[in-house]
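Below: one structure, written as structure tokens.
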Amino acid sequence: MKPSVNQVRSAVAVMMVSASLYVGIAQHEGYVEVAAPPVAGDVPTNGFGSTAGVRLGDKTTPVRAMIRLLNEIEDVYAAGVRKCVTVPLYQHEFDAYVSLAYNVGVGAVCRKADKRTVDDQGKPKQPEPDRLIDVLNKADYDEACRRIKSFNRFQGKVMRGLTIRREAEYKQCLGLA
-10 MKPSVNQVRS
0 AVAVMMVSAS
10 LYVGIAQHEG
20 YVEVAAPPVA
30 GDVPTNGFGS
40 TAGVRLGDKT
50 TPVRAMIRLL
60 NEIEDVYAAG
70 VRKCVTVPLY
80 QHEFDAYVSL
90 AYNVGVGAVC
100 RKADKRTVDD
110 QGKPKQPEPD
120 RLIDVLNKAD
130 YDEACRRIKS
140 FNRFQGKVMR
150 GLTIRREAEY
160 KQCLGLA
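Position 162 of the sequence shown, counting from 1, maps to 151 under the numbering used here, and the rest follow consecutively.
This is the structure:
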């Protein structure tokens, strides 16, 4: 996707989360007053998908949930993406990766491939193929955006809701949303 003339890729260290990202995550997550697992086998969430320190049955209010969402997105997820991305991004790319990190975790987005050819016991092993962050940090922007779509499983099973969300994040990453 060719960006508009006014768009410039910027260092992620100076990027701020956009207002549209906050709204997008709130819409994707939906509001839940009483903490419960969103799907069987998942951890309990409340508010707009918050999990840290949340126990089954915990309650929140819409205002508290929105404040927590704003803080978590900036302090945890955007900060995590800033630490692992080494190439400049457009705002829409940054927002897509932060949205993905909010849903699957910073660790999943930022996990690099194990390129070692010898395991911990000194035995030969095949290096892992590049992961999303490896591809992104090589400035293969289109392929990195495509890799977003691979995060559509929970406990090994393709989930329709995750597939829909990943497609939206993929389009956002390309600047089409």
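Each residue gets a CB set at the ideal place from its N, CA and C atoms; glycine is no exception. Remember, it's a predicted structure, so these values are computed and weren't measured experimentally.
Query                                                                                                                                                                                          : Result
Can you tell me where the beta strand (DSSP E) holding Val1 begins and where it ends?                                                                                                          : No beta strand (DSSP E) holds Val1; DSSP gives it neither H nor E.
What residues in its chain sit with their C-beta under 7 Å from that of Arg236, if we drop five residues either side in the sequence?                                                          : Residue numbering for the chain in the displayed model covers -10 to 166; residue 236 lies beyond these limits and cannot be assessed.
Taking only runs of the alpha helix (DSSP H) that begin and end inside the stretch 38 to 108, which ones reach a length of at least 4 residues, in chain order?                                : 51 to 61, 68 to 73, 80 to 93, 95 to 99
Have a look at Thr34, Ser9, Ala166, Phe83 and flag the residue whose alpha-carbon is nearest the alpha-carbon of Glu18.                                                                        : Thr34
Looking at the secondary structure, which residues open and close the alpha helix (DSSP H) in which Gly36 lies?                                                                                : Element bounds for Gly36: not the alpha helix (DSSP H) but the beta strand (DSSP E), 34 to 36.
Quickly, what does DSSP pair Ala25 with across the bridge? List them, please.                                                                                                                  : Thr34
Could you check whether the stretch 96 to 111 touches the stretch 146 to 164, counting it as contact only if at least three pairs of C-beta atoms, one from each stretch, sit closer than 8 Å? : no
I'd like to know whether the C-beta atoms of Glu62 and Val6 end up nearer to each other than 8 Å.                                                                                              : For the record, residue 62 in the displayed sequence is Ile; it is not Glu. Result yes, Cβ atoms of Ile62 and Val6 sit closer than 8 Å.
How many angstroms separate the CA atom of Glu158 from the CA atom of Lys114?                                                                                                                  : 34 Å
On the three-state DSSP scale, how would you describe Lys146?                                                                                                                                  : strand
Quick check on this structure: which residue in Ile14, Asp123, Leu89, Tyr86 has the alpha carbon closest to the alpha carbon of Lys104?                                                        : Asp123
With which residues is Pro113 paired in a DSSP beta bridge?                                                                                                                                    : Val107
If contacts are defined as beta-carbon pairs under 8 Å, then Gln161 and Asp84 qualify, I think. What distance do you get, rounded to the angstrom?                                             : 6 Å
Out of curiosity, what's the CA-to-CA distance linking Arg53 and Ser(-1)?                                                                                                                      : 32 Å
Is there contact between the stretch 59 to 75 and the stretch 84 to 96, where contact requires at least three CB pairs shorter than 8 Å?                                                       : yes
Which of the three DSSP states, helix, strand or coil, is assigned to Tyr20?                                                                                                                   : coil
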